[in-house]
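Asker: Before we start, here is the structure in question, set down as structure tokens.
In the working numbering, the protein residues as written are 8 to 92.
See the structure below:
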């Protein structure tokens with residue numbers, strides 16, 4: 008089971024690394040927030056794979072992560088809307 012967790016974590020880190028590397032090639036104004044979302048998701052995967060053992064704590068943690076992601080997406084949406092105006 009530990010080997011499966013490590014393989015899953017490695018795949019997630021590789022996908023995140025490739026996405027961040029592709030973002031660095033582009034001149035995107037919202038790159039910092041997109042990288043933040045990827046880092047939050049990688050942290051959530053690590054937590055769920057290795058630390059999560061109580062349902063209540065996991066629900067609070069996942070709710071916090073989702074709140075941060077929603078805030079980041081709202082900031083990106085607002086920046087894009089402001090840029091179009």
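Ideal Cβ positions, reconstructed from N, Cα and C, are used throughout, including at glycine.
For residue 45, which residues from the same chain have a beta carbon less than 8 Å from its beta carbon, with the 5 sequence-adjacent residues on both sides left out?
Answerer: Same-chain partners within the cutoff: 23, 26 and 27.
Asker: Would residue 51 be called buried (16 or more neighbouring beta carbons within 10 Å of its own) or exposed?
Answerer: That one is buried.
Asker: Residues in its own chain within less than 7 Å of residue 86 by CB, not counting five upstream and five downstream?
Answerer: Answer for residue 86: 36 and 37, listed in chain order.
Asker: For residue 31, which residues from the same chain have a beta carbon less than 8 Å from its beta carbon, with the 5 sequence-adjacent residues on both sides left out?
Answerer: Here the set comprises 38.
Asker: How about residue 47 and residue 83: do their beta carbons lie closer than 8 Å?
Answerer: Taking 8 Å as the Cβ cut-off, residue 47 and residue 83 do not qualify as a contacting pair.
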